[in-house]
Amino acid sequence: MDNLRIPAIKRKEKINLYVNGKPITAYAGETVLAALLAAGYKIIKKNPVSQEPRGALCGMGVCFECTVTINGVPNIRACVTEVQEGMRVELDD
Amino acid sequence: MIEDKSKYEVIIVGSGLAGLVAANILADYNLKILLVDENIHLGGQLLRKIPEELGEYSELHLDKVKRVGFEFVNQVKQKKLTLLNKTILMGIYNDREILLEWNRQKAFSLKYDLLLLATGARERFIPFKGWTLPGVYSTGLVQVLMKSSGVLPARRMLIGGTGLFLLAAGYEYLKNGGRLLGIMEQSPWLNKIKFMPQIFHQFPKFWEGARYLSLIYRSRVPVKYKRKIVEARGEKQVEEVVVARVDGRGRVIKGTERTYSVEALAVGYGFVPNIEAAQLAGCELEYAREKGGWTVKVNDRLETSVPDILAAGEITGIGGGQKSICEGQLAAYTILEKLGKVKEVPFAPRLKKLQRERKHHLSFMKCFNSLYQVEPATLLDLPEETIICRCESVTLKDLKEALKMGCHNPNALKVATRCAMGKCQGRTCTPIIYELLQAMCQREGGEIGLFTVRPPLKPISLQALNKSSS
Ligand SMILES: Cc1cc2nc3c(=O)[nH]c(=O)nc-3n(C[C@H](O)[C@H](O)[C@H](O)COP(=O)(O)OP(=O)(O)OC[C@H]3O[C@@H](n4cnc5c(N)ncnc54)[C@H](O)[C@@H]3O)c2cc1C
Ligand code: FES
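Chains A and B, in that order, are what the protein sequence lines are. Those letters in the first sequence? Residues 0 to 92, by numbering that gives the first Met the number 0. Those letters in the second sequence? Residues 0 to 469, by numbering that gives the first Met the number 0.
Below you can see the structure in the form of structure tokens.
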């Protein structure tokens, strides 16, 4: 699903991440949220109270709707975290 | 991280235009300065661009404010001051001390002589049925995703809400190859253009708007006024959006609904000042809808009611980039004077000129913001099952029932319903709840009161707490 990436940007280094164990490709400098959306992961988690699916809303660290577990650390906001090689991202969807 | 934990003469929180400009001026005066920002990059909300490590991308057009802004970013990096990104202000204490958390890893406190709060603004949200579905994004998310990561949020998208920012987001989405289905502006602002005299003072803003509109029209994208997003529908994510006409007071006209099939919906309703840090410090606040709601009260030198704390930029009232630049300068000169550095500049005339300029910005801000107001009363027309507090899934019905039981202020509503108690600590829903309370109690904004704010200002990481206590 590379076609959400803006083609006019000449990208540099590829980065491999794992989302719930599955490999996806991203590029250095992208946020985890951008990498997830570009790979087709729109549903980030279930709301703990209503159990409904939720996804990112604000994109700038305010709403906490994009929190994921990264390398075992829970509650990390995907929209303000940059991708790093080998990152393991768990979505609670 | 930061090595020097001894006292700083000036600590600036927020590296948006206001904080950046102030830091740039102050750094020439041989002071010990720290500039902190939660973000990965310097520059705040306005100054975002594709990071160098991601790749090359020359933006087609930077307007003047952004050009000047990026110059400030480059300059400040060369100067003598300490810059600390990924660092959140968590608390402000008596005795001129603050608590910071760096990179989710370390919490530490620092002392200051003077503190400048330039914490800017965040987006305002107005709820509608289904706004919690994945694929409903803020216009800010759309911009940030494209500008900082070079990724489109979706291939086919509708934009709705109110404000010039809808056009900015639409313009950039089109420019980057997205398929824009339409822009639905809730306000009838074309009818209100009677504010013309003030508008000419800030012509660049409208020139900007005209530039956006010309590409949007050329791309045959419909831009409709008096249209409101009434519902987002979908199984697990947004698939359809229902839009309806509204009357002059923002009330939906029944029978005018139209459905759009979308991959995503972007909504924007203007901005609200990030007052929480100032509130925590005990700074006096004031309520004015035309300034964006609750703002930090300052005098014409940008001093707050708390000695040694100043405020600049969007937190004193939503006014856009030029107001933030002006206030950044003004705050810097006030600080220089307070620290006894004044003799080195021809000072008084400059201060006067900035104060005059600021007055222009303030009067423009009032007119401009009132073009795009959403009437609080229209919130009461929402279906009762509409979620207001997303984190705790509190509905309009829950809030109305609590009100009937006598919860007439924000804190009482919070205790009764858990609204504003979730992970985002109410950053998303508090402005909505303030307006709902106004409408439900038929009182003015300022009379409703505020939610109490306590440290830490954002959820602090356990790792950081452990490290700081050991
Ligand atoms: C999404 C968005 C898009 C915008 N786009 C435009 C635009 O296109 N044109 C325009 O004229 N205006 C735009 N604005 C308005 C913009 O805010 C102003 O134009 C101007 O840039 C504001 O400068 P500022 O310094 O007052 O605040 P900001 O730029 O908001 O900067 C505030 C900074 O403070 C930091 N901060 C806040 N709280 C903390 C804390 N507790 N700890 C550490 N750091 C903190 C933030 O990370 C941020 O970097 C936009 C605003 C938003 C929210
Ligand atoms: S999307 Fe709102 S915090 Fe990440």
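Glycine residues also receive a C-beta, built at the ideal position from the N, C-alpha and C atoms. These numbers come from a predicted model, not from an experiment.
In this structure, A:I42 keeps its C-beta atom at 7 Å or more from the C-beta atom of B:P221.
Here DSSP, grouped into helix, strand and coil, assigns B:L395 to helix. Listed in chain order, the non-local C-beta contacts of B:K365 below 6 Å within the same chain comprise E289, local neighbours out to five positions each way being set aside.
Per DSSP, B:E184 is not a residue of any alpha helix (DSSP H); the beta strand (DSSP E) it occupies stretches across R178 to E184. Boundaries cannot be given for B:F127, as no alpha helix (DSSP H) includes it and DSSP labels it neither H nor E.
About 22 Å separates the Cβ atoms of A:V48 and A:G60, ruling out a contact at the 8 Å cut-off. Chain B places no beta carbon closer than 7 Å to that of A:L35, leaving this residue out of the contacts. Taken through DSSP and simplified to helix, strand or coil, B:G90 comes out as strand. In the structure shown, B:P430 adopts helical secondary structure according to DSSP, grouped into three states. Inter-residue distance for B:K78 and B:N23 is about 8 Å (C-alpha atoms, whole angstroms). Only buried fits B:Q185, as 16 or more other CB atoms lie within 10 angstroms of its CB.
In the assembly as shown, A:P52 is a buried residue. Its beta-carbon has 16 or more other beta-carbons within 10 Å. For B:A276, the distance from the CB to the nearest heavy atom of ligand 1 is below 6 Å.
B:G249 and B:F270 have their C-alpha atoms roughly 19 Å apart.
Neighbours of A:N74 across chain B, judged by C-beta separation under 9 Å: K422, P458 and S460. Closer than 7 Å to the CB of B:V150 there is at least one CB belonging to chain A. Its Cα nearest to that of B:F69, the residue B:G15 stands out among B:G15, B:S392, B:K85 and B:Q372. In this structure, the alpha-carbon of B:N102 lies about 36 Å from that of B:V341. A direct Cα-Cα distance of roughly 34 Å separates B:A26 from B:A168. Those residues of the region 36-61 of chain A placed with their C-beta closer than 8 Å to a C-beta in chain B are L36, A37, K41, I42, I43, N46, V48, S49, E51, P52, R53, G54, A55, L56, C57, G58, M59, G60 and V61, ordered along the chain. If you look at B:G312, you'll find it isn't in any beta strand (DSSP E); DSSP assigns it neither H nor E. A residue is called buried when at least 16 other Cβ atoms come within 10 angstroms of its Cβ; A:Y26 meets this threshold and is buried. Taken atom to atom, the span from the alpha-carbon of B:C388 to that of A:E64 is near 12 Å. Beta-bridge pairing by DSSP links B:S148 to no other residue.
Residues of the region 158-179 of chain B whose Cβ lies closer than 7 Å to any Cβ of chain A, in chain order: N175 and G176. Using a CB distance below 9 Å, the part of the region 6-17 of chain A facing chain B consists of P6, A7, I8, K9, R10, K11 and E12, ordered along the chain.
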